[in-house]
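Novice: Could you have a look at this structure, given as structure tokens, before my questions?
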Amino acid sequence: MVDLRPLLFVNLLVFMLFITAAFAAYEHGRLDNLLPPSIQLAGSSKDQSMPADASRGASERSSSAAIGSLWQDTADAQGRVDREPETLSDFSPYDENTEALSANEDVDQAILFVDQLEAESGPSSGDASEAADKIAGTLAMATVDSGSDATKSAADIAKRASEQANDAAEQAESTQVPADATAEAPQVSEPVVEAPAVPVKPVAPTPTTGTLVIRSNVTGDRASINGRDYGATAVTERLKPGSYEITVTKPGYEAWSTQVRLEPGAKRIVHAKLNEIKGVDFVDGVWRNNVRSGEGKYQTSDGTRYTGNFDDGQFEGFGSLKKADGTRYEGNWLDGEYHGSGTLVLPDGTKYVGTFRSGQYDGQGTLTLANGDIFTGLWGNGKLNGEGTFTSSDGDLYVGSFVNNEFHGQGTVTYGDGSHYEGTFANGKYQGKGALTFADGKRYVGQFLDGKFHGLGEFMNPNGSKITGNFKFGEPFGQAKLTTAQGEVFTARTSEPGTCYREQSYRATACPELEGW
């Protein structure tokens, strides 16, 4: 810690200097002839050529002597002033200008002395204190010698001395010279012989990544690390240290996954083992493990369920299906459609048992409608086309040819009431030549059109009577031959109702009562 007491002392001296200057100005007239010329400031230009230590000692002794002499002479002079001087010849001659110049030179010598102390040993609290003492003494003598003309110069010199002392104190504080430091000559250290440097083996850089290798027991798989696809195995990647989620997948195999931690500079080899999936599982539009072929099950959110074989996501082979609307099918499939033999039950209860093609009845099969009607025969494009039979819930039976589910071609139909038709059909109706026997025994044999007697035909009653001739839309038309049950034969014309002609007679007579005329 820097001692600030010298700085305070210098400031006190400056204050005292101003007081002394004022007093000196007041007593100037009385002291001009009292101070002897022998009072001079210590030190001269030749003293500066001395060595630093000798000069410093001489300056200190001279300053002390000068200060002491100044105070003693001043006191004597004051005494002499108090008493009346005897004569002016008792005092030595005094040159005011010469004494003022000498005082200024001595002050400069004092300031230079302080500078020399700072240059030699650096600023310290002790040196600053000594310099302040010397400057104060010199300034005091200069004030007394110079009188009122030197008051201004003394003030300037005091200011310079104060500034010089303050600078010395600040420099001492900034350098932080220890109190016990002494100005000694620098010591020359002995040379140190160092041992030769030992070669240092280069240190390998610290690794910042690790190596991850992924392998599997299958080909055509896909490997992903933290959700990012890296393609088929084997995969080798340099990654930053940390935890990683590894997944390996392949259609038809169960997905494989694991989690590993990779350390800096380490190499981790992961072996994935994928197990083949034997079954197919489709739920709500998602194929489990992306398996679309094989045996399995299919289920949608609307209630549709399928159990059976698959091929590339399609029902194929044998399987059973149940739809949400109640439709059921069990049989063979191809490309997701009924194909081959199978049984289909529709929501209304209609049931088909037979063969299918592309989802349609095709081939031999039997269709049972919800009302009990049964169609059996050869099917094509979902309908009976070919030979078949039809049995209605009323007991009607048709045996013959079908076209688009209708009687068409040659066939025989027997109705539940006992009526019977045998002949040709067109679009489900009697067409062409046929024989229709009614339940009451009546019988028509002849031509039909749209299910009615039309053309040449013969209508016979159970009692043996009959009508032979042309028919039009189910009624006799034109000239007809009437034969009674007794065997009588009449000729009749539809244009002459009620009038008949006996055979080989031109005589008109009433027509006999005859069913159908």
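Taken in order, the sequence shown gives residues 758 to 1274; the numbers are from our numbering. Positions of the beta carbon are idealized from the N, C-alpha and C atoms, including for glycine.
Please look up how many angstroms separate the CB atoms of Cys1268 and Ala1237, rounded, as I've assumed it's under 8 angstroms.
Specialist: Sequence index remark: in the sequence shown, residue 1268 carries index 511 (1-based). Sequence index remark: in the sequence shown, residue 1237 carries index 480 (1-based). Not a contact, Cβ separation roughly 10 angstroms.
Novice: Does DSSP put Ile776 in a helix, in a strand, or in coil?
Specialist: Position 19 of the sequence shown, counted from the first residue, corresponds to residue 776. Ile776: helix per DSSP, three-state reduction.
Novice: Are the Cβ atoms of Phe1278 and Gly1097 separated by less than 8 angstroms?
Specialist: It is not possible to answer for residue 1278, since the shown part of the chain is limited to 758 through 1274.
Novice: Give the DSSP bridge partners of Asn1066, in chain order.
Specialist: Taking the sequence shown and counting its residues from 1, one reaches residue 1066 at position 309. In DSSP, Asn1066 forms a bridge with Glu1052.
Novice: For Arg739, I'd like the list of residues in its chain whose CB is within less than 6 angstroms of its CB, leaving aside the five on either flank, ordered along the chain.
Specialist: Lying outside 758 to 1274, the shown extent of the chain, residue 739 is not represented and no answer is given.
Novice: Let me make sure I understand the geometry here. Which of Gly1175, Tyr1172, Asp1174, Gly1143 has the alpha-carbon closest to that of Phe1164?
Specialist: Walking along the sequence shown from the start, residue 1164 turns up at place 407. For Phe1164, the nearest C-alpha among the options comes from Gly1143.
Novice: Hey, how far is the Cα of Arg1264 from the Cα of Phe1247?
Specialist: One-based indexing of the sequence shown puts residue 1264 at position 507. One-based indexing of the sequence shown puts residue 1247 at position 490. Roughly 11 angstroms separates the two Cα atoms.
Novice: Per DSSP, which residues does Ser1077 bridge with? Please list them.
Specialist: For the purposes of this step, residue 1077 is taken as residue 320 along the sequence shown, with counting starting at 1. Paired residues: Thr1064, Glu1087.
Novice: List in chain order: all unbroken beta strand (DSSP E) runs of 3+ residues lying wholly within the segment 1105–1187.
Specialist: 1108–1114, 1117–1125, 1131–1137, 1140–1148, 1154–1160, 1163–1171, 1177–1183
Novice: Return the chain-ordered list of same chain residues with a C-beta closer than 6 angstroms to the C-beta of Asn768, the five sequence neighbours on each side being excluded.
Specialist: Taking the sequence shown and counting its residues from 1, the one referred to as residue 768 is at position 11. So no residue of the chain qualifies.
Novice: State the CB to CB distance for the pair Ile1034 and Tyr1010, rounded to an integer number of angstroms; the pair is presumed to be in contact (CB under 8 angstroms).
Specialist: What you label residue 1034 is simply residue 277 of the sequence shown in a count that begins at 1. What you label residue 1010 is simply residue 253 of the sequence shown in a count that begins at 1. Ile1034 to Tyr1010, Cβ: 6 angstroms. Contact.
Novice: Express the C-alpha separation of Leu761 and Leu770 in angstroms, rounding to a whole number.
Specialist: Walking along the sequence shown from the start, residue 770 turns up at place 13. Walking along the sequence shown from the start, residue 761 turns up at place 4. For Leu770 and Leu761, the distance between alpha carbons rounds to 15 angstroms.
Novice: I want to see whether chain D comes within less than 8 angstroms of Lys1080, judged by CB atoms only; does it?
Specialist: Although the question refers to chain D, the structure presented lacks it and comprises just one protein chain.
Novice: Specify, as a first and last residue, the run of the beta strand (DSSP E) that Cys1257 falls within.
Specialist: In the sequence shown, residue 1257 corresponds to position 500, counting from 1. Per DSSP, Cys1257 belongs to the beta strand (DSSP E) from 1256–1259.
Novice: Any idea what DSSP makes of Ala1267, helix, strand or coil?
Specialist: Translated into the one-based positions of the sequence shown, residue 1267 becomes position 510. The answer is strand: DSSP assigns Ala1267 an E or B state.
Novice: Select from Thr976, Phe1067, Ala1023 the residue whose C-alpha is nearest the C-alpha of Pro964.
Specialist: One-based indexing of the sequence shown puts residue 964 at position 207. That would be Ala1023, whose Cα lies nearest to the Cα of Pro964.
Novice: In whole angstroms, what separates the C-alpha of Asn1128 from that of Asn1184?
Specialist: By 1-based counting over the sequence shown, the position of residue 1128 is 371. By 1-based counting over the sequence shown, the position of residue 1184 is 427. Distance between the alpha carbons of Asn1128 and Asn1184 is about 21 angstroms.
Novice: What I want to know is whether the C-beta of Lys1054 ends up closer than 7 angstroms to one or more non-hydrogen atoms of the ligand NAP.
Specialist: As for the ligand NAP, it is missing from this structure, which has no ligand bound.
Novice: Cutting at 7 angstroms between CB atoms, please list the residues of its own chain near Arg1049, excluding the five before and the five after it.
Specialist: In the sequence shown, residue 1049 corresponds to position 292, counting from 1. Same-chain partners within the cutoff: Val1037, Phe1067, Asp1069, Gly1070.
Novice: Report all residues from its chain with a CB closer than 6 angstroms to the CB of Leu1141; omit the five preceding and five following residues, and keep chain order.
Specialist: One-based indexing of the sequence shown puts residue 1141 at position 384. When the five nearest sequence neighbours on each side are left out, the beta carbons in the same chain lying within less than 6 angstroms of the beta carbon of Leu1141 are those of Phe1132, Gly1134, Phe1159, Asn1162, in order along the chain.
Novice: Could you check which residue in Gly1065, Val1040, Trp1044, Asp1059 has the C-alpha nearest to that of Glu1052?
Specialist: Here residue 1052 is taken as the residue at index 295 of the sequence shown, counted from 1. The shortest C-alpha separation from Glu1052 is found at Gly1065.
Novice: Is DSSP giving Phe1195 helix, strand or coil here?
Specialist: Along the sequence shown, one-based indexing puts residue 1195 at 438. If DSSP states are grouped into helix, strand and coil, Phe1195 belongs with coil.
Novice: Ignore the nearest five residues each way along the sequence and tell me which others in Thr1171's own chain have a CB closer than 6 angstroms to its CB.
Specialist: On the sequence shown, residue 1171 is found 414 positions in, with the first residue counted as 1. So the qualifying residues of the chain are Leu1154, His1177.
Novice: Would Ile776 be called buried (16 or more neighbouring beta carbons within 10 Å of its own) or exposed?
Specialist: Here the question's residue 776 lines up with position 19 in the sequence shown. Label assigned to Ile776: exposed.
Novice: Could you please give the first and the last residue of the uninterrupted beta strand (DSSP E) stretch that includes Ala961?
Specialist: By 1-based counting over the sequence shown, the position of residue 961 is 204. No beta strand (DSSP E) contains Ala961, which DSSP labels as neither H nor E.
Novice: Can you list, in chain order, the stretches of the beta strand (DSSP E) that have 3 or more residues and sit fully within the segment 1005–1044?
Specialist: 1013–1019, 1024–1029, 1036–1040
Novice: Checking 8 angstroms against the spacing of the C-beta atoms, do Gly1120 and Tyr1095 come in under that value?
Specialist: Working through the sequence shown from its first residue, we reach residue 1120 at position 363. Working through the sequence shown from its first residue, we reach residue 1095 at position 338. Not a contact, by the Cβ cut-off of 8 angstroms.
Novice: Of the choices Glu1253, Ala1242, Glu1245, Val1202, whose alpha-carbon is the least far from that of Gly1231?
Specialist: Reading the sequence shown from its first residue, position 474 is the one you call residue 1231. Measuring from the Cα of Gly1231, the nearest candidate turns out to be Val1202.
Novice: Grab me the residues of Glu1020's own chain with a C-beta within less than 7 angstroms of its C-beta, minus the 5 sequence neighbours each way, in chain order.
Specialist: Locating residue 1020 in the sequence shown gives position 263, counting from the first residue. Answer for Glu1020: Gly967, Pro998, listed in chain order.
Novice: Where in the segment 966–1005 do unbroken runs of the beta strand (DSSP E), each at least 3 residues long, occur, reported from the N-terminal end onward?
Specialist: 967–973, 979–982, 992–996
Novice: Look at the alpha carbon of Ser819 and the alpha carbon of Ala778, and state the distance between them as a whole number of angstroms.
Specialist: Taking the first residue of the sequence shown as position 1, residue 819 is located at position 62. Taking the first residue of the sequence shown as position 1, residue 778 is located at position 21. Low local confidence applies: a pLDDT of 41 at Ser819 is under 50, so the model's placement there is unreliable, and no value is given.
Novice: Is Ala1196 near Gly1180, with beta carbons less than 8 angstroms apart?
Specialist: On the sequence shown, residue 1196 is found 439 positions in, with the first residue counted as 1. On the sequence shown, residue 1180 is found 423 positions in, with the first residue counted as 1. No, Cβ-Cβ distance for Ala1196 and Gly1180 is not below 8 angstroms.
Novice: By the DSSP assignment, the beta strand (DSSP E) with Phe1205 in it spans what residues?
Specialist: On the sequence shown, residue 1205 is found 448 positions in, with the first residue counted as 1. 1200–1206 is the extent of the beta strand (DSSP E) around Phe1205.
Novice: When DSSP labels each residue in this structure, what does Pro1219 get in the three-state scheme?
Specialist: Residue numbering aside, residue 1219 sits at position 462 when the sequence shown is read from its first letter. Pro1219: coil per DSSP, three-state reduction.
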